[in-house]
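See below for the structure under consideration.
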Amino acid sequence: MTKDKILQAPDMNVSAEERAAGGRKSISKEQVTKYLPYITLFSLVALISLYDPAFLKLENLLQTAQDISTLFIMALGMTFVIYIAGIDLSSQSVASMTTVIVALLLPSFGIGAALAAVIIGAVFGMASGLVHTRFKIASFIATLAVGGIAYATGQVVSGQRSTYMPADLREQSMGWMVGNTAGIPHEIFVALALLLIALFIERRTVFGRSLKAVGSGELAAVASGLKVTKIKVMTFALSGAFAAMAGVMLATRLSGGSPTMADQFLLPAIVAVLVGGTPLTGGVGGVLNTLIGALIVAVIRTSMTYLEVPAEAQQIFFGVVLIAAIALTIDRSKVKVVK
Amino acid sequence: MSKVLSKEFLQRWAPLIVLFSLCIIVSIINPNFLSVRNFARLATSSAAPLMLAIGVTFIIIMGSIDLSMEGVMAFCGASLAVVMLQFNSFVEWGFLAIPVAIVFGVAIGFVNGLIHVKLKIPSFLVSLGIGFSCIGLTMVMTGGVRVSASDKAFRLLLTERFFGFPLMVYVAFAALLLAYFIQKKTALGRNLYAIGGGEELAHASGVKVERVRIIAFALAGAFYALGAMFAVAQIGSVASNLGTGFMFVSITSVVVGGTALMGGIGGVWQTLVGVLIVAVISNGMVLVGLPTYIQEGVLGVLVILAVALATNRKAIQLVK
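Residue numbers (the numbering used here), protein chains in the order written: chain A, 1 to 339; chain B, 340 to 659.
As C-alpha cells, this is what we get:
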C-alpha cells in the first residue's frame, strides 16, 4: 500500500456534513471517550504480548477469561445501577452471603440451592432499592447499610465458619458450571449467557429503555410519567441477583462458602464498569461496555502477575485506576455541586 | 404539649434519649453494666472509633463523605509501628512516630480532598479508591506480616490508669475538646457549616469552598491517625486489617448521633453521643450474650433508621 492511498482513504468516508464542518480534524472528544475502552484494551494486550508473547496462547487467554467471569457477573449487575447514576456497595457482601447459603442448602435442594440464593440476593437488592427510594437515602449509604446486614446474615447463617460442599453433590448439581467443553471452561459460557440476558434486558425490554431515561435525567423521566421508584427498586434487585449469581459461581469453583469469600470483589467490579465506559453519572454505556471493562481488569491483573507485582500492591493500582476512570468518564455538565 | 414534643425537639434530643434508654435496658438485664470496670472498658473501646467519627464528622457537616478511614488508619498505624521500631525505645525519639503518623494522615487526607475538588469526583468514590490504595500500601510496607508495637512507654496509653480509666481516654477527650474548638471557634469550623448549608450560597458569600474542602479532608486525616494510634496501643501490634470495620462504625456513629448526611447540621458532641450509643449496643450485646458478629447487621439497621428519621424528605427532589 502506498502512502498516498492511506492519506486518501479517510476522505472517501467523510460525509458531506463533516467535510463542511472542516473535515479532517473531526475526531471529537465524545468519539474518543466512546472508543477509549477498546483502545485501552487493545493497547494493553499489545503491550503485554510484546513483553511476553506467551500471553496470546489460546490456553492462557481462556484461563484469563475464566478467572474474570465471576467478577464480570457481579459487574453486570453493578452496570444497571451505575447506568441509572446510582451505586451498589453491597455487592460483595451479598455475594459472600450467597456463597454460604448455596453451600448450606446444596445437600437438601440440589440445584434449587442456587435458585434460592439468587432470590435471596434479589431480595437484599430490593431492600436496598426500597430504602434508597422510600427513605430518600443516597444509594451508597443505603447499599452500605444493607451490605452490613447481608454481611451479618452471612456470619450468622454460617456460624462464622467456612462451609464445604460435598464433592459428589457439587458434581451432580453444579458440576456443569465448572467443567470443560472442547477446552473451553464452562464459566465462560455461563458468563456469556448471563451477558446475553443482561443485554436483552437492556436493549429489548421496556424496563431497559426506561433505565436509559432515568440515567439521562431522572426528573425528566418522572415528568414524562415513568414510575421511577419502581424502576429503581427493580434495578437494585437485579444487581442483587447478579451479585448472588457471582456468589454461586464462586462457591462452586471453590467448593464451599465463607462469609468473607467475595471481600476483594467490590473495587474491581466498580472499576470494570467505569473503565468499560459507563460513567458514574449514568445514561450512557451498558453491559457490553462492562464486558470490555472486565477484560481490561483481567488483562491488568494478568500483566501484574507477569511483572511480579505482589497481589497486595495490585490493590494500590486499582484504587488509582478507579479514580482515573471516574475522572475521565464523568459527565461534569450533569453535576452542579460535587459532594 | 404538642409544642414540647415537636419534631425538632425530638430530632435534637432523640440520640441522648436513646443512649439513656439503652443504658437503662442493658443494666436491667445485666447489672454488671453499671460497674466502673465496665465503663472503663466502654470508654477504652470507644477511644479509637471516636477519633475516626470526629474526623468524618467534619466531612459530613460539609455534606460530603469519606470512606477512606479503614485504609488511612491501617497505613498510619503501620507507619507508627514501623517508625517506632527504628528507634531503641519510645522515650528515646521513638515518640517521633506519632507526629510522623499524623503527618501521613494529613497528607493522605490532603490528596483525597485535592482529587475530589480539582477533578470534581464525588467524595465517596475518591475516598473509596484512596482507602483501597492505602491498604495496599500498608501491605507493601509491612510485607503482609504483623508488626509489633509493644513498647512499654507507648502502651502506657492503655496501661496507665487514672481513676480507673486508661490514659488514652483522657487523650481522646482532649482531642474531642480540640475538635469542638475547631468547630465552634475557628473560621474553618463556621465555613464547614456554611458549605453544608448550601454550597452555592457559601461560595457567593465569599467562602473559599475548594480550600475549605481540602483542609477539612486533611483535618479528618489527622484524626484518623489519632484513632490509629489508640487502636495500635490497644492491640499492641499492627496488620493491614487494623481499620477493618471502623468505616461502618464511625459513619453509623455520626449519623446516629444526629449529624445529617445532607450536611449543615450536627457536630462533634452529637458524634460523641453516637459513638457511645454504638459502644453501649455492642457492649450490651456481649453482656446480654448475643454474638458480636451480628453487630454489623444491627448497625446497618441503625444507619437506615437514623438517616430516615433525620432526612427531610419533602425538601429533596432528587437523590442518587
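By construction, the Cβ of each residue, glycine as well, lies at the ideal position given by its N, Cα and C atoms.
Under the DSSP assignment, B/A541 falls in the alpha helix (DSSP H) whose first and last residues are E538 to A543.
By the criterion of at least three beta-carbon pairs nearer than 8 angstroms, the stretch 471-491 of chain B is in contact with the stretch 308-317 of chain A. Against A/V146, the close residues of chain B are G639 and I643, in the order they occur along the chain (beta-carbon pairs closer than 9 angstroms).
DSSP, reduced to helix, strand and coil, places A/F42 within a helical segment of the structure shown. Around B/I454, the beta-carbon contacts reaching into chain A at under 9 angstroms are I323 and A327. A/T252 is positioned such that its CB atom lies closer than 9 angstroms to that of A/V102. Of the residues B/A387, B/N451, B/A649 and B/L373, the one whose Cα lies closest to the Cα of B/Y509 is B/A387.
Excluding five sequence positions before and after A/P37, the CB atoms of its chain that fall closer than 8 angstroms to its own CB belong to V275, G276, G277, N289, I292, G293 and I296, given in chain order. With a cutoff of 9 angstroms on beta-carbon distance, A/F72 and A/A272 are scored as near each other.
Exclusion of the five residues before and after B/V357 leaves I616 as the residues of its chain whose Cβ lies within less than 7 angstroms of its Cβ. When the alpha-carbon of A/A269 is set against those of A/S91, A/G215 and A/R209, the nearest one is in A/S91. Contiguous beta strand (DSSP E) elements confined to the stretch 44-108 of chain A do not occur, taking only those with 3 or more residues.
From the beta-carbon of B/E635, the residues of chain A found nearer than 8 angstroms are G148, I149, Y151, A152 and Q155. Interface residue (Cβ-Cβ distance to chain A less than 9 angstroms): B/G628 is not classified as such. Apart from sequence neighbours up to five positions away, the residues of its chain that approach B/V548 with a beta-carbon distance below 7 angstroms are I534, E538, A541 and H542, ordered along the chain. Shortest Cα-Cα distance from B/R380 to any of B/V625, B/F426 and B/I400 involves B/V625.
In the displayed model, A/T281 falls within coil according to three-state DSSP, outside both helix and strand.
Between A/G154 and A/V118, the C-beta gap is not smaller than 9 angstroms, which leaves the two residues out of contact. Annotated three-state conformation of B/V577 is strand, per DSSP. Beta bridge pairing from DSSP links A/T181 with A/I184. Taking the CA atoms as reference points, B/P461 sits about 18 angstroms from B/G560. By the neighbour-count definition (other C-beta atoms within 10 Å, threshold 16), A/A220 is an exposed residue. By the criterion of a C-beta distance shorter than 7 angstroms, B/V445 is surrounded in its chain by A557, G560 and A561, once the five residues flanking it on both sides are discounted. At the C-beta level, A/A244 and A/T98 come within 9 angstroms of one another. Distance from the CA of B/L515 to the CA of B/G402, rounded to the nearest whole angstrom, comes to 21 angstroms. Residue range V287 to Y306 is occupied by the alpha helix (DSSP H) that includes A/A298. For the options A/A113, A/L196 and A/T305, the alpha carbon positioned closest to that of A/L169 is the one of A/A113. Taking every protein chain shown into account, the CB of A/Y83 has 16 or more other CB atoms within 10 angstroms, so this residue is buried.
Within the stretch 469-488 of chain B, the residues whose Cβ lies closer than 7 angstroms to some Cβ of chain A are I469, F471, S472, I474, G475, L476, M478, V479 and G483, listed in chain order. In chain B, no part has a C-beta under 8 angstroms from the C-beta of A/V233; the shortest such distance is about 13 angstroms.
Taking 8 angstroms as the upper bound for CB-CB distance, A/F236 and A/G121 are not in contact here, some 11 angstroms apart.
Neighbours of A/I120 in chain B, taken as residues at a C-beta separation under 9 angstroms, are lacking, since the least C-beta distance is about 15 angstroms.
Using a CB distance cut-off of 9 angstroms, A/F140 counts as an interface residue toward chain B.
Within chain B, no C-beta atom comes less than 7 angstroms from the C-beta of A/V299; the nearest is roughly 19 angstroms away.
Excluding five sequence positions before and after A/Y306, the CB atoms of its chain that fall closer than 8 angstroms to its own CB belong to I48, Y51, D52 and F55, given in chain order. Positions of the beta strand (DSSP E) runs, each at least 3 residues long and wholly inside the stretch 239-267 of chain A, cannot be given because no such run exists.
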